[in-house]
Amino acid sequence: MMVESRSVSEVRESRVQHFVDLAHETPGMVEGLRSGSIDAMVDFFELAPGAHVTAVAVEDVAPRDLAS
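Numbering of the sequence shown is given in the numbering used here, commencing with residue 4 and proceeding in unit increments.
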């Protein structure tokens, strides 16, 4: 089994890009998050048996990232 190794910054950049892409594909999503009509966006990950979540990260995406 080969496991891809990525740096934390590469993972964060990938996650931000995913959010930006999702915002472009989902009309009203950003406005809903800002107005509170959408409470939160949560990603769920399938964990290996016996794995435990030890941390949760919250990242801000600057409006300029969503403007392009």
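In this text, a Cβ means the ideal position worked out from N, Cα and C, and glycines have one as well.
Owing to the predicted nature of the structure, the values given are computational and were not obtained by experimental measurement.
Alpha carbon to alpha carbon, how far is R9 from L36? Give it in angstroms, no decimals.
Each residue's alpha carbon lies about 29 Å from the other.
Quick check: what's the CA-CA separation for D24 versus P52?
Roughly 31 Å separates the two Cα atoms.
Out of curiosity, what's the CA-to-CA distance linking G39 and E28?
If I take the Cα positions, the gap works out to 19 Å.
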